[in-house]
Amino acid sequence: MPFYAFLIVCPMLFLAGFVDSIAGGGGLISLPAYLFAGLPIHTAIATNKFSSTCGTALATARFIKEKLVVVRLAIPSIFCGFLGSSIGAKLSLLVSEGVLKSLLLVVLPIAAFCVLNKRIFKAGENAELKCDTKTFAVVMISALLIGVYDGLYGPGTGTFLIIAFTVFARMPIRSANAHTKVINLSTNVAALVVFLLHGQVLIPLGIAAALSNMLGNYFGSALVMTKGPKIVKPLIIIVLILLLVKIIAGF
Numbered sequence: 063m064p065f066y067a068f069l070i071v072c073p074m075l076f077l078a079g080f081v082d083s084i085a086g087g088g089g090l091i092s093l094p095a096y097l098f099a100g101l102p103i104h105t106a107i108a109t110n111k112f113s114s115t116c117g118t119a120l121a122t123a124r125f126i127k128e129k130l131v132v133v134r135l136a137i138p139s140i141f142c143g144f145l146g147s148s149i150g151a152k153l154s155l156l157v158s159e160g161v162l163k164s165l166l167l168v169v170l171p172i173a174a175f176c177v178l179n180k181r182i183f184k185a186g187e188n189a190e191l192k193c194d195t196k197t198f199a200v201v202m203i204s205a206l207l208i209g210v211y212d213g214l215y216g217p218g219t220g221t222f223l224i225i226a227f228t229v230f231a232r233m234p235i236r237s238a239n240a241h242t243k244v245i246n247l248s249t250n251v252a253a254l255v256v257f258l259l260h261g262q263v264l265i266p267l268g269i270a271a272a273l274s275n276m277l278g279n280y281f282g283s284a285l286v287m288t289k290g291p292k293i294v295k296p297l298i299i300i301v302l303i304l305l306l307v308k309i310i311a312g313f
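Residue numbers (my numbering): 63 to 313.
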């Protein structure tokens, strides 16, 4: 593994953590970082799972500490997310690199649109958490289906879950965020286990990237929220344009 891979990945993973802590959408930077470094797409997805799992674990612990996670709602959703992500990761290993690159051209712009369009989250601004049958159904189904996507790709998973929870289950934003992190942690772990068993994760690079990602989260959380999105949006757009050019050039 060339040293320049670390020089490309670590700064970008720091930036991904920085962005994620401010406005979400860090996966839109972290996955392209591995592709820029020249990793095959399967290895890039797998190693990205390794680094993102660490950052998600820290965020999950914070939400649990703040008592924003409802255990009786979170536990079944964890199982659904774990199952869905396991299926998605196995599907990812079966799909050719060319197909994955083609799908990436569609998936990443959609994920970017959802992350950058904050009006989508208006539905949960004044809502109250109700643990009724509808809420359980939406959370379980969302965890399963979006979990499949997370195992297959990953970028935008948290955003898609928050949209599902606020729009269809009418959950308040803070609760939606908290339960999203719990589910996202389970989907990350499930996919990571599958990729580790198939030898797709570059451990040394993954560890360095994970540390960089957590450091970015730490510094990003200290930035004033009103200024954050102004910095984040241009960065995500630039990275997506660069990724688009790289993928097209690779065909």
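Positions of the beta carbon are idealized from the N, C-alpha and C atoms, including for glycine.
The residue from LEU97, LYS127 and SER274 with its alpha-carbon nearest to that of LYS163 is LEU97. The C-alpha of CYS72 lies about 29 angstroms from the C-alpha of GLY146. Counting of Cβ neighbours within 10 angstroms places LYS129 among the exposed residues, the total staying below 16. Counting only residues of its own chain and dropping the five nearest sequence neighbours on each side, MET276 has a CB closer than 7 angstroms to the CB of GLY79, CYS116, GLY117 and LEU120.
At a Cβ-Cβ threshold of 9 angstroms, THR122 and VAL256 do not count as neighbours.
When secondary structure is reduced to three states using DSSP, VAL131 falls in the coil class, being assigned neither helix nor strand.
In the DSSP assignment, ALA231 falls outside any alpha helix (DSSP H) and carries neither an H nor an E.
In the same chain as ALA272, and ignoring 5 residues on each side of it, the C-beta atoms closer than 6 angstroms to its own belong to SER113 and CYS116, in chain order. Counting only unbroken stretches of 4 or more residues, the alpha helix (DSSP H) elements lying wholly within the segment 90-158 are 103-127 and 133-156, in sequence order.
Closest in alpha carbon position to LEU254, among LEU90, MET63, ASP194 and GLY209, is GLY209.
If you check the CB distance, SER204 and PHE222 come in under 9 angstroms.
Using a 10 angstroms sphere on the CB of THR249, the tally of other CB atoms reaches 16 or more, which defines it as buried. Under a 10 Å Cβ-count criterion, PRO217 is classified as buried, with 16 or more other Cβ atoms of the shown protein chains found around its own Cβ. The criterion of a C-beta distance shorter than 9 angstroms is not satisfied by THR197 and ALA151. Under the DSSP assignment, GLY216 falls outside any alpha helix (DSSP H); it carries neither an H nor an E label.
Under the three-state reduction of DSSP output, CYS72 falls in the helix class. CA-CA distance, VAL157 to ILE172, rounds to 21 angstroms. Cβ-Cβ distances below 6 angstroms link PHE144 to SER248 and ALA252 in the same chain, with the five nearest sequence neighbours on each side left out; the list follows chain order.
DSSP places PRO266 in the uninterrupted alpha helix (DSSP H) bounded by 265-282.
Of the residues VAL131, ALA95 and GLY278, the one whose Cα lies closest to the Cα of ILE300 is ALA95.
Around the beta carbon of VAL168, a 10 Å sphere encloses fewer than 16 other beta carbons of the protein chains shown; the residue is thus reported as exposed.
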